[in-house]
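Note that the UniProt record's numbering numbers the sequence shown so that position 107 is 107, with each residue one more than the last.
Note that the Cβ used here is the ideal one computed from N, Cα and C, for glycine as well.
Here the structure comes first, spelled out in structure tokens, and everything after it is commentary.
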Amino acid sequence: MSVANLLDPITAEGGATRFENLDNWLQGRTLYGGASALIAYTAAVRAFSDLPPLRAAQIAFVAPMTEDAELRREIVRQGRNVAQVRSEIWCEGKCALTAFWLFGTGREANAVHPAAPVADWPGSPDEAELAMTDKGPTFIQNNFEIKRAQDMRGPGDPVVRRWARLTQRDGLDPVSELILLGDVLPPGAMRAMKRQGPISSINWSFNLLETAPTTRDGWWLSENASQHADDGYSSERLRLWNADGKQVLDGMQCVAVFG
């Protein structure tokens, strides 16, 4: 199932929506978080087509998403420069995902502070080794190409860094691409786990540093780093850079670590 097919059922009217053949986007018993977040974002922008550029988002993954869903969205407030929109996915009468999107018109800058360049530059993705070939979750095998971007393997510092790109991205705008791709890696806490066990994203918040991000050949450098892990949860920092090392997204996530 292509990205276009995933989004085709979403209309400006919202409401009851059926998504066919979601198997290619599954992560365990639910939809991959980036895919469900993109559905909620697309529902918002198709309903309200005159929104300014997306600046930030807060997304809560509440329950598994099924093929039959109800898409809800509303403008919470729209001011002169900023619009705040809530969109939700409901399944079987219960909220499966709730998201809060912040759209903002650009203004004359009163503060300019570029993000720091990426540390420990791994080199060009063209020279990187393929990773996760014929293994990993269904959604990765069917929709992404992953390459190594760090020497470390196995246990160690709780950081996972990889090059990632969509295998099919034709017709996808760059912001939607980042939403779909931003949650693609396992948490950095994976490297600190005492034994293998299931993991699950609970939420995801991010700020876009570029409203129209660009890269080369679809490659983005993705990093998940655990800032603290205990009691079955990990606080993760998620970042994305383009193929030239320019940061385009800065985020945080709470992950449940089972086992």
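| query | result |
| --- | --- |
| Inside the region 94-156 only - alpha helix (DSSP H) runs reaching at least 4 residues | 138-143 |
| Contact check, Ala-128 vs Trp-163, beta carbons under 7 Å | yes |
| From Ala-4, Ala-43, Pro-64 and Gly-251, residue whose alpha carbon lies closest to that of Gly-28 | Pro-64 |
| Pro-125 beta carbon less than 7 Å from that of Lys-147 | yes |
| Stretch-stretch touch, CB-based, cutoff 8 Å, three pairs: the region 216-234 with the region 187-199 | yes |
| Minimum C-alpha distance to Gly-251 - residue among Glu-236, Val-257 and Gly-245 | Glu-236 |
| 7 Å Cβ shell around Trp-121 - same chain, five flanking residues per side excluded | Gly-245 |
| Touch test, the region 1-13 against the region 52-60, Cβ-Cβ under 8 Å, three pairs minimum | no |
| Residue range of the beta strand (DSSP E) that includes Thr-179 | The residue you asked about is not Thr; residue 179 is Ile in the sequence shown. Careful: Ile-179 lies outside any beta strand (DSSP E), inside the alpha helix (DSSP H) at 174-181. |
| Bridge-paired residues (DSSP) for Ala-256 | Ser-200 and Tyr-233 |
| Alpha-carbon to alpha-carbon, Trp-204 and Phe-19 | 23 Å |
| Nearest residue (CA-CA) to Glu-88, options Leu-71, Cys-254 and Asp-173 | Leu-71 |
| Endpoints, alpha helix (DSSP H) assigned at Val-45 | 33-47 |
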